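Q: Encoded as structure tokens, here's the structure I'll be asking about.
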């Protein structure tokens with residue numbers, strides 16, 4: 271980015287907590303912009319070298335202890351938090367948004383590019399799901415009543431704020447369709463990436479399946495426990511979330527199901543590389559974890575819906591030597607896919623070769639080309 275060397279760049283994100291999932295995109299973008307300043311509603315993260323020497327500006331929410339750690343509950347505060355940031359000195363602002371970071375206000379000649387992980391889920395595509403699990407405890411009846419009254423206004427405000435963005439980048443075709451549907455805006459698809467060469471790989475596989483993720487209902491740990499309680503095959507399940515769901519599933523797991531808690535990135539990659547297959551049972555917008563598994567020479571068994579269809583594509587020339595799909599999120603469909611998997615001879619070289627379609631070098635090249643095509647001073 272030599273042409274941007276003397277320009278002021280800001281990176282804005284909804285919050286910085288765990289460096290998982292979409293926050294890995296933050297790391298990749300920060301690597302492209304070593305002098306960029308960071309703006310976020312709350313910063314609650316064990317220190318990482320990527321933040322060394324950077325100016326990090328947090329909102330007033332950082333100073334409120336309750337909302338510092340429960341930032342997702344601050345639905346009515348976050349839009350205001352982003353609108354109060356002073357970004358007047360910046361030439362280029364890149365927001366990474368699945369919530370309100372796109373609400374920022376810039377000066378007229380600043381270019382605002384939004385890398386959109388999804389239009390705000392709790393206003394649009396997943397409103398009903400979030401509505402069912404509002405997290406206001408004894409105030410839930412009040413919160414439910416209020417949300418029914420104001421959701422229309424919240425959608426109007428979110429739509430209006432979305433028009434402040436000059437250019438959108440979507441993290442998948444699925445999200446590009448949502449951006450067009452809810453915000454009436456075009457977008458360029460640039461997939462998240464992994465550094466393929468940083469992943470260990472092993473051709474010697476052990477006799478277990480593997481899955482890792484946050485312990486939330488839609489990640490479908492419950493399906494894996496139920497299926498493997500029935501088939502008695504070995505599986506290792508990993509999470510860093512100690513909650514009621516985790517304790518319940520662990521208590522009903524049979525001896526063939528092993529739980530490992532709070533693995534480091536290096537440990538996750540080691541388990542991946544030695545697994546006979548990585549199972550991906552969740553319905554996600556887009557998810558890069560199956561590609562991380564392939565980088566370790568490990569084939570994938572995936573639920574045939576949404577994000578999995580963009581990362582592990584059906585009818586690709588390498589299929590079925592790299593992955594197997596299952597059609598329904600139920601025990602029977604998953605166990606049939608496992609049986610099918612165990613009768614296929616997989617090609618480890620092709621598995622890793624496919625993962626290079628999502629290598630970090632491609633992400634950086636496409637992002638730089640897009641930015642340079644949109645900024646007027648180049």
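Residue numbers (our numbering): 271 to 648.
All C-beta atoms, glycine included, are put in the ideal place defined by N, C-alpha and C.
Just so we're clear, the structure is a prediction, and the values are computed from it rather than from any experiment.
Buried or exposed: which applies to residue 276, given that a residue is buried once 16 or more other Cβ atoms fall within 10 Å of its Cβ?
A: Label assigned to residue 276: exposed.
Q: Starting from residue 547, trace the beta strand (DSSP E) both ways and give me its first and last residue.
A: Looking at the DSSP string, the run of the beta strand (DSSP E) that includes residue 547 is 547–550.
Q: Would you please state the rounded distance, in angstroms, between the beta carbons of residue 480 and residue 541? I believe it to be under 8 angstroms.
A: The pair is a contact, with the Cβ atoms about 5 angstroms apart (cut-off 8 angstroms).
Q: Please state whether the Cβ-Cβ distance between residue 298 and residue 644 is less than 8 angstroms.
A: In this structure, residue 644 does not lie closer than 8 angstroms to residue 298 by Cβ.
Q: How big is the Cα-Cα spacing for residue 420 and residue 371?
A: Straight-line Cα distance between these residues: approximately 20 angstroms.
Q: Hey, out of 495, 603, 607, whose CA is closest to residue 523's CA?
A: The candidate whose alpha carbon is nearest that of residue 523 is 495.
Q: Within 8 angstroms, do at least three Cβ pairs link the segment 447–463 to the segment 374–389?
A: Because the criterion of three Cβ pairs below 8 angstroms is met, the segment 374–389 and the segment 447–463 touch.
Q: So, are the CB atoms of residue 363 and residue 375 less than 8 angstroms apart?
A: Cβ distance not < 8 angstroms, so residue 363 and residue 375 don't count as in contact.
Q: Are the CB atoms of residue 488 and residue 552 nearer to each other than 8 angstroms?
A: Going by C-beta atoms, residue 488 is nearer than 8 angstroms to residue 552.
Q: Just to confirm the assignment, what range does the beta strand (DSSP E) spanning residue 268 have?
A: Lying before the first or after the last residue shown, residue 268 is absent from the chain, which here runs from 271 to 648.
Q: What are the partner residues of residue 382, as DSSP defines its beta bridges?
A: Answer by DSSP bridge pairing, in chain order: 363.
Q: Is residue 481 helix, strand or coil when you go by DSSP?
A: Residue state, collapsed to three classes: strand.
Q: Which whole-angstrom value describes the C-beta separation of residue 529 and residue 493, a residue pair presumed to lie in contact below a C-beta threshold of 8 angstroms?
A: Their Cβ separation, rounded to whole angstroms, is 15 angstroms, which puts residue 529 and residue 493 out of contact at 8 angstroms.
Q: Short of 7 angstroms in beta carbon distance, which residues of its chain neighbour residue 547, apart from the five on each side in sequence? Order them along the chain.
A: Closer than 7 angstroms at Cβ, skipping near neighbours: 479, 568, 569, 570, 571, 611.
Q: Under DSSP, the alpha helix (DSSP H) around residue 556 begins and ends at which residues?
A: Segment: none, residue 556 is in no alpha helix (DSSP H) and carries neither H nor E.
Q: Measuring CB to CB, does residue 440 end up less than 8 angstroms from residue 463?
A: Cβ atoms of residue 440 and residue 463: not closer than 8 angstroms.
Q: Expressed to the nearest angstrom, what Euclidean distance is found between the alpha-carbon atoms of residue 326 and residue 377?
A: Straight-line Cα distance between these residues: approximately 20 angstroms.
Q: Provide the residue span of the alpha helix (DSSP H) that contains residue 230, from first to last.
A: Here the chain covers residues 271 to 648 and nothing more, so residue 230 does not appear.
Q: Going along the chain, which residues of its own chain have a beta-carbon closer than 7 angstroms to the beta-carbon of residue 320, five neighbours each way excluded?
A: 297, 300, listed in sequence order.
Q: Please say whether residue 604 and residue 497 have beta carbons closer to each other than 8 angstroms?
A: Yes; because the gap between Cβ atoms is below 8 angstroms, this pair is in contact.
Q: Closest to residue 566 by CA distance: which of 594, 442, 544 is it?
A: Ranking 594, 442, 544 by Cα distance to residue 566 puts 544 first.
Q: Please classify residue 435 as buried or exposed, where buried requires at least 16 other C-beta atoms within 10 Å of its C-beta.
A: So residue 435 ends up on the buried side.
Q: Along the alpha helix (DSSP H) that carries residue 516, what are the first and last residues, could you check?
A: First-last of the alpha helix (DSSP H) with residue 516: 514–522.
Q: When the Cα of residue 452 is compared with those of 472, 467, 601, 431, which residue comes out closest?
A: It is 431 whose Cα lies nearest to the Cα of residue 452.
Q: Buried or exposed: residue 555, going by 16 or more other Cβ atoms within 10 Å of its Cβ?
A: Buried, because 16 or more other Cβ atoms sit within 10 Å of the Cβ of residue 555.
Q: Where does residue 531 sit, in a helix, a strand or coil, going by DSSP?
A: Residue 531: strand per DSSP, three-state reduction.
Q: Can you tell me whether residue 422 is buried or exposed, with buried defined as 16 or more other CB within 10 angstroms of its CB?
A: It counts as exposed.
Q: Report the residue from 486, 517, 527, 614 whose alpha carbon sits nearest the alpha carbon of residue 504.
A: Out of 486, 517, 527, 614, 527 has the C-alpha closest to the C-alpha of residue 504.
Q: Alpha carbon to alpha carbon, what distance is there between residue 443 and residue 609?
A: C-alpha separation (whole angstroms): 31 angstroms.
Q: So residue 446 is in the alpha helix (DSSP H); what residue range does that whole segment cover?
A: Segment 443–448, the alpha helix (DSSP H) holding residue 446.
Q: Among 355, 619, 313, 280, which one has its Cα closest to the Cα of residue 473?
A: For residue 473, the nearest C-alpha among the options comes from 619.
Q: Please confirm if residue 526 has its CB atom under 8 angstroms from at least one CB of chain B.
A: The structure shown contains no chain B; it holds only a single protein chain.
Q: Within its chain, find whatever has a CB closer than 6 angstroms to the CB of residue 625; leave out the 5 residues flanking it on each side and keep chain order.
A: Contacts found: 466, 561, 564, 565.
Q: If you reduce the DSSP assignment to three classes, tell me which class residue 596 lands in.
A: Strand.
Q: What's the gap between the Cα of residue 483 and the Cα of residue 623?
A: Whole-angstrom Cα-Cα distance: 24 angstroms.
Q: Could you tell me if residue 332 is buried or exposed, where buried requires 16 or more neighbouring beta carbons within 10 angstroms of its beta carbon?
A: Burial call: buried.
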